[in-house]
Every structure is written in structure tokens, then in C-alpha cells.
Amino acid sequence: MTITLPDDLLESTKLTETELVRELALTLFQSDRLSLGQAARLCSLPQLDFQRLLASRQIPIHYGAEEMQQDLRRVADLVWP
Numbered sequence: 015m016t017i018t019l020p021d022d023l024l025e026s027t028k029l030t031e032t033e034l035v036r037e038l039a040l041t042l043f044q045s046d047r048l049s050l051g052q053a054a055r056l057c058s059l060p061q062l063d064f065q066r067l068l069a070s071r072q073i074p075i076h077y078g079a080e081e082m083q084q085d086l087r088r089v090a091d092l093v094w095p
């Protein structure tokens, strides 16, 4: 999907296109609309870099029981293939 914004609208934000996409990803993550991985992918950042961006904005990472179970399964798959 492609979203097209008029140039004057983008200019009025005083943000670059990349910055605007990052703001969108941060907002959608913070409102639980995107997962950590989805938000990182939206702004074309490795997940660790997106986590650093969240930390710089003091936005907590949503890490619940389901995410922990997924991580534990991934680790188990790496250790015991």
C-alpha cells in the first residue's frame, strides 16, 4: 500500500519523509496498533534500533506473557533444533 501526501502537507510538518514515517510507527506502536516488529519494519529499522528509538522517547516496550512465550520457543528452537 502506498500513501501519498501533498508536498505542502509534508512541508508543513517540518519533518522529512523518513521522520514522518517514524512518528507514525511510534504512534501506532504506542497505541498498541502495531507490534514492535511491525513498527520497526514500517520505519525500515532493525528491531534493536527501533527499541533504542523508543527508549530515546521514553516509550515503554509492551512485553507481555505471549511475547515471552514466543521468545522462549525461539530460544528453544535455537538450542534444541
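Numbering of the sequence shown is given in the numbering used here, commencing with residue 15 and proceeding in unit increments.
Virtual Cβ for every residue (Gly too), placed ideally from N, Cα, C.
Just so we're clear, the structure is a prediction, and the values are computed from it rather than from any experiment.
In this structure, the beta-carbon distance from L40 to L24 does not fall below 8 Å. One thing to note: L48 has its Cβ no nearer than 8 Å to the Cβ of L59. In the DSSP assignment, S45 falls outside any alpha helix (DSSP H) and carries neither an H nor an E. Relative to the Cα of F43, the nearest Cα in the group A90, S70 and L56 belongs to L56. Here DSSP, grouped into helix, strand and coil, assigns S70 to helix.
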